[in-house]
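Trainee:
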Amino acid sequence: MFDSPNHRAQSPRRFSIRSPRVMTAVASLSIGALALAGCTTSANASSHSIINTEVSSETSTFFNADTVHEISVTADPDDITAALKAYSTDGSKEWISAEVTIDGTTFKNVGLKLKGNSTLRGTDESSDAATLPWILRLDKYEENQSYSARTEFVVRTNTSESSLNEAVALDLLGEAGLATEHAAATRFSLNGSDAELRLVIDNPSDELYSEETFEGEGITYKADADGDYSYRGDSGSDYESAFDVESGTDDLTPIATFLDFVNNSSDEDFSSKLSDYLDTDQFATYLAMQDLVSNTDDIDGPGNNSFLRYDSESKTMTVVAWDQNLSFGGMGGGQGGGMGGGQGGGMGGGNAGGPGKMDTDSLLTSMLPDGLELEDAKKQIEAGTVPDGVELPDQMTLEDGTELIDVLKDLANGEMPDGLSFGGGGGGQRPEMNGQGGAPGGNMTPPDQNSSDQNSTDKNSTDQNSTDQKSTDDNSSDGKTATDGDTKTTDDKAAGGQNGGRSMGGKSNALVTRFLADENFKAQYEAAKTELTNKLYESGTAEEILTKWTTLLNNEASDLIDADTVSSEADSIRSHFTSESADGTTPNTQQPSTAPKTEEDDATPSASATSSS
């Protein structure tokens, strides 16, 4: 390793003391009170936010759209094979050592690990490792290694050849005043493979990311893909299977306090006191932005994708967006893999058992009812029978003349079917609440998990086929019922209406459900959506961001992706910038040739698999 202006020593990664710095707090749209009073809102009217959206000069040396960067990784082939075998055997993601060169700066003994969930289904020793999603951690084995004010870099496998959809979405989140991951287009290679165009983004788990992004001391949590926002008990330890501490003090007590209020407060208290627990301005903006970029894989999507930042001073949570690769309808593309070029990675391509086969299995699984195993479904399909309970996710439709059984047969055979169209995540419109009015009493019905990592302590099992419920000593007296992620009710109150209809097997999220069931918070969310439509789409800001990225790819990556593909995928994204799309009308987007997939990070790929961090 040699020194460069971008390589500097850092204090140890975990639980480091925040260094003094001047940070500009960019506030979100503080529009709730104004909206309720019938006043015109302004993007500049705000309450205090802990979010800093300005990129430091050091960070911007890598995370920028000024150049296509270069990352080359060298690792022992036997170590890579062992890592792939471990994942295919039990779902574990094992760290291995690698040498990594970033824009000419070489780092030795870097941590390299598979990252993702559905993007890894079907991965085994025969998979092309160069096309898979990875995380690079510079200080895994060598303390104080960092580059461009970061120690971790996430190499994405994305849903389009250009990856413009995620790059543009991330920039728009920042323009809205939200915490966002920064992105860089790269030429990525592994052990001398041909370079592929891959998007590399921040990892919110990086201590240095938290130091730059959030003001003040606090804790960054990651929601587990197999978890949810249900109430599981009063102790932080009750949430160990649902949330991980990524930076800051190793303490889940704030999560327990927060989710107790979210699930068990009365409607009156939820409406009047939620701001004591959550930055509601930021959350309204977050929900509005996920709709405007048509991302269905968000906080109440199939991957439970979110981070939470707890501010030690205000004692409030801020929701941090994660996993935007299904933004703008997850428009996808075509040939080969990863972000473009490459052999057999990403969506479509790949040998059996590799990423191509993985995507068909993932798509087929999303159509199956709970309890039906993939292999059992395939046997029925191969016999010409549509299994009971099979349904297309909301964002998919059959084209005229296409029979469902034909689509299912193609998927069962590992082939992407003709005649299947993919929409844009509900056209940017968050669905209305089910039920009558608000969520009564505050008791949500979490989704069926079927997860292997359910906390097994203090459970009372009554049915071998249902998820066990965790009990606490005081539940019988205070009206609270803790769960491990299945069903709960309090007293005789009906469960709250799901925020149903989310695409790709979306989950019910207690926070989203109650927030949108409250007329004041819903008005705040709707006002944010109107304000952001004007600020980002009608102003031309989104078009400027899109043009910036397309120009970069055309100028510096023409050997990795052709101009026609860049133009076609840019047009698909651009169709979401119209007022019709923002109002909830599904845009007439180019239909992808491959199925959407998510980066449901570090979740177990099957009920029998275990995950490793």
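With mature numbering (1 follows the signal peptide of the UniProt record, and there is no 0) as the guide, the letters of the sequence shown map in order to residues -45 to -1, 1 to 568. Note that beta-carbon positions come from the ideal geometry of N, C-alpha and C, so glycine has one too. It should be emphasised that the depicted structure is a prediction, and the values quoted were computed from it without experimental measurement.
Residues in its own chain within less than 8 Å of Ile528 by CB, not counting five upstream and five downstream?
Mentor: Contacts found: Leu119, Asn120, Val123, Phe283, Met286 and Leu501.
Trainee: Does DSSP classify Trp89 as helix, strand or coil?
Mentor: Strand, per DSSP.
Trainee: What span of residues does the alpha helix (DSSP H) with Met244 cover, start to end?
Mentor: Run containing Met244: Thr235 to Leu247, per the alpha helix (DSSP H) assignment.
Trainee: Is DSSP giving His531 helix, strand or coil here?
Mentor: His531: helix per DSSP, three-state reduction.
Trainee: Buried or exposed: which applies to Pro324, given that a residue is buried once 16 or more other Cβ atoms fall within 10 Å of its Cβ?
Mentor: It is exposed - the Cβ of Pro324 has fewer than 16 other Cβ atoms within 10 Å.
Trainee: Apart from the five residues on each side of it in sequence, which residues of its chain come closer than 7 Å, Cβ to Cβ, to Asn19?
Mentor: Counting only Cβ-Cβ distances below 7 Å, and skipping sequence neighbours, we find Ala139.
Trainee: Taking all protein chains shown into account, decide if Asn280 is buried (16 or more other Cβ within 10 angstroms of its Cβ) or exposed.
Mentor: It counts as buried.
Trainee: Going by beta carbon distance, what residues of the same chain come within less than 6 Å of Thr234, once the five residues before and after it are set aside?
Mentor: First, the amino acid is wrong: residue 234 is Asp here, not Thr. Thr271 and Thr273, listed in sequence order.
Trainee: Can you tell me whether Ser115 is buried or exposed? The criterion is at least 16 other CB atoms within 10 Å of its CB, across all chains shown.
Mentor: That one is buried.
Trainee: Tell me the rounded alpha-carbon separation between Phe238 and Gly129.
Mentor: The straight-line gap from Cα to Cα measures roughly 14 Å.
Trainee: Is it true that the CB of Asp278 sits closer than 7 Å to the CB of Asn260?
Mentor: Yes.
Trainee: Given Ala150, which residues of its chain have a CB within under 6 Å of its CB, disregarding the five upstream and five downstream residues?
Mentor: Counting only Cβ-Cβ distances below 6 Å, and skipping sequence neighbours, we find Arg142 and Ser144.
Trainee: Helix, strand or coil: which one does DSSP assign to Ile51?
Mentor: Strand.
Trainee: When DSSP labels each residue in this structure, what does Ile336 get in the three-state scheme?
Mentor: Note: Ile336 maps to helix in three-state DSSP.
Trainee: According to the neighbour-count rule (16 or more other Cβ atoms, all chains shown, within 10 Å of its Cβ), is Ser221 buried or exposed?
Mentor: That one is exposed.
Trainee: In the DSSP assignment, find the unbroken beta strand (DSSP E) run with Glu370 in it and report its ends.
Mentor: Run containing Glu370: none; DSSP gives neither H nor E here.
Trainee: Measuring CB to CB, does Asn509 end up less than 7 Å from Ile254?
Mentor: For Asn509 and Ile254, no; Cβs fall outside 7 Å.
Trainee: In terms of residues, what are the limits of the alpha helix (DSSP H) holding Lys503?
Mentor: It spans Thr496 to Glu511 - the alpha helix (DSSP H) in which Lys503 sits, taken as one unbroken run.
Trainee: Would you check if the distance between the CB atom of Asp224 and the CB atom of Ala197 is smaller than 7 Å?
Mentor: In this structure, Ala197 does not lie closer than 7 Å to Asp224 by Cβ.
Trainee: Going by C-alpha distance, which of Thr8, Lys48 and Glu54 is nearest Gly71?
Mentor: It is Lys48 whose Cα lies nearest to the Cα of Gly71.
Trainee: Verify whether the separation of the beta carbon atoms of Thr320 and Leu329 is less than 7 Å.
Mentor: Contact: yes.
Trainee: Pick from Gly173, Asp126 and Asp157: whose alpha carbon is nearest that of Val110?
Mentor: Checked all of Gly173, Asp126 and Asp157; the closest Cα to Val110 is Asp157.
Trainee: Using a Cβ-Cβ cutoff of less than 6 Å, which residues in the same chain neighbour Ser27 once the five nearest sequence positions on both sides are dropped?
Mentor: Closer than 6 Å at Cβ, skipping near neighbours: Thr56 and Ser144.
Trainee: Taking the CB atoms as reference points, tell me whether Val521 and Thr505 lie closer together than 7 Å.
Mentor: For Val521 and Thr505, yes; Cβs fall inside 7 Å.
Trainee: Is it the case that the Cβ atoms of Val65 and Leu93 are separated by a distance below 7 Å?
Mentor: Contact flag set, yes.
Trainee: Quick check on this structure: which residue in Thr14, Ala37, Glu481 and Asp526 has the alpha carbon closest to the alpha carbon of Ser165?
Mentor: Answer by Cα proximity: Thr14.
Trainee: In whole angstroms, what is the alpha-carbon distance linking Asn(-2) and Lys490?
Mentor: Per-residue confidence for Asn(-2) stands at a pLDDT of 32, beneath the threshold of 50, marking its modelled position as unreliable; the derived number appears in the next sentence. Cα-Cα distance, rounded: 11 Å.
Trainee: Does Ile360 pass the burial test, meaning 16 or more other C-beta atoms within 10 Å, or should it be called exposed?
Mentor: Exposed, by the Cβ-count rule.
Trainee: For Glu499 and Lys364, I'd like the C-alpha separation in whole angstroms.
Mentor: Approximately 43 Å, taken between the alpha carbons.
Trainee: Just confirm the distance between the C-beta atoms of Asp236 and Gly171, as a whole number of angstroms; I'd bet it's less than 8 Å.
Mentor: Not a contact, Cβ separation roughly 17 Å.
Trainee: Taking the alpha carbon of Val345 as the reference point, which residue from Ser43, Ala332, Ile5 and Phe169 has its own alpha carbon closest?
Mentor: Selected option, being the one with the closest Cα: Ala332.
Trainee: Going along the chain, which residues of its own chain have a beta-carbon closer than 6 Å to the beta-carbon of Phe108, five neighbours each way excluded?
Mentor: Excluding positions up to five away in sequence, the list reads Leu91 and Val155.
Trainee: Could you tell me the distance, in whole angstroms, from the CA atom of Leu(-12) to the CA atom of Asn475?
Mentor: Because Leu(-12) carries a pLDDT of 40, less than 50, the predicted location of this residue cannot be relied on, and the following value inherits that uncertainty. Approximately 11 Å between the Cα atoms of the pair.
Trainee: Between the Cα of Glu25 and those of Glu54, Ser4 and Gly59, spot the shortest distance and give me the residue it belongs to.
Mentor: Answer by Cα proximity: Gly59.
Trainee: Note down the Cα distance separating Val217 from Ile5, rounded to an integer number of angstroms.
Mentor: Roughly 21 Å separates the two Cα atoms.
Trainee: If we count the other Cβ atoms within 10 Å of its Cβ and call it buried at 16 or more, is Ser494 buried or exposed?
Mentor: Result: exposed.
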